[in-house]
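In the numbering used here, the protein residues as written are 63 to 249.
Right, here's the structure in full:
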């Protein structure tokens, strides 16, 4: 909470809240009905949208909250995409520990990005969330590489099975001929 308070003190809201006599945390988070904050508090389509409490629809402050919601949503979707892809590769038996580590790092960056909300500047949030987005894309690339390797292995297995079957068939034919030759010489 110290980081949140420090970010708030540097935000454009600090002066306005002081002038209006609002407590910095209570204005958005409430006092006695403390609930787990969610990204929905920045979603203009949600009943939880706190920016709409003070800012009129489509005003600069309202749009800033909506943009922060979009930034966090994009980052969450990128991480989810990476996680789904890597989980698919892992279920297929591929080694994905590096990708899982990268996803964990992207999750950490999402947490840091959520803290940045308290400065109330979408431009700064976008900049700070870029590391998480880059990590999510890196994890997607690692997941795709693992799935590509899986396909390569499957194709290699199919080719080797065809070769093994061909060799086995050739051996069978060769043994049958030798067996027929041996029976012909025995008679």
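Backbone N, C-alpha and C fix where the C-beta goes; we use that ideal spot for every residue, glycine too.
Under three-state DSSP, which class holds residue i?
| i | result |
| --- | --- |
| residue 104 | helix |
| residue 93 | coil |
| residue 118 | coil |
| residue 111 | coil |
| residue 99 | coil |
| residue 157 | coil |
| residue 73 | coil |
| residue 143 | helix |
| residue 246 | helix |
| residue 85 | coil |
| residue 79 | helix |
| residue 234 | helix |
Going by beta carbon distance, what residues of the same chain come within less than 7 Å of residue i, once the five residues before and after it are set aside?
| i | result |
| --- | --- |
| residue 162 | 148 |
What residues in its chain sit with their C-beta under 8 Å from that of residue i, if we drop five residues either side in the sequence?
| i | result |
| --- | --- |
| residue 165 | 141, 144, 145, 148, 197, 198 and 201 |
| residue 160 | 204 |
With residue i and residue j assumed to form a contact (beta carbons below 8 Å), what rounded beta-carbon distance in angstroms separates them?
| i | j | result |
| --- | --- | --- |
| residue 130 | residue 179 | 6 Å |
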